[in-house]
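Some notes on the structure that comes next.
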């Protein structure tokens, strides 16, 4: 039962991601990562689930985006 409760709490966890630096002059793969996070405009903030895969995507482009907590 404890695992189900912990899993349910983890699915409710959210992170806010802010796009603060342009992807111009950065590799295409990094542009695709920013776009896949749902970010299209500078200073835009989106809320995404806090999952290991989302954290991994954010870790690929820390110089372009911020996590706001």
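Residue numbers (the numbering used here): 653 to 721.
By construction, the Cβ of each residue, glycine as well, lies at the ideal position given by its N, Cα and C atoms.
Boundaries of the beta strand (DSSP E) around residue 698: 697 to 701. Burial is judged here by how many other beta carbons sit within 10 angstroms of a residue's own beta carbon; residue 717 has at least 16 and is buried. Inclusion of residue 688 and residue 665 in the CB contact set at 9 Å is not warranted, their separation being larger than that value. Residue pairing by DSSP leaves residue 672 without any beta bridge partner. Around residue 720, the same chain offers 668, 670, 697 as residues with beta carbons nearer than 7 Å, after the five sequence neighbours per side are excluded. In the three-state reduction of the DSSP assignment, residue 666 falls in the strand class.
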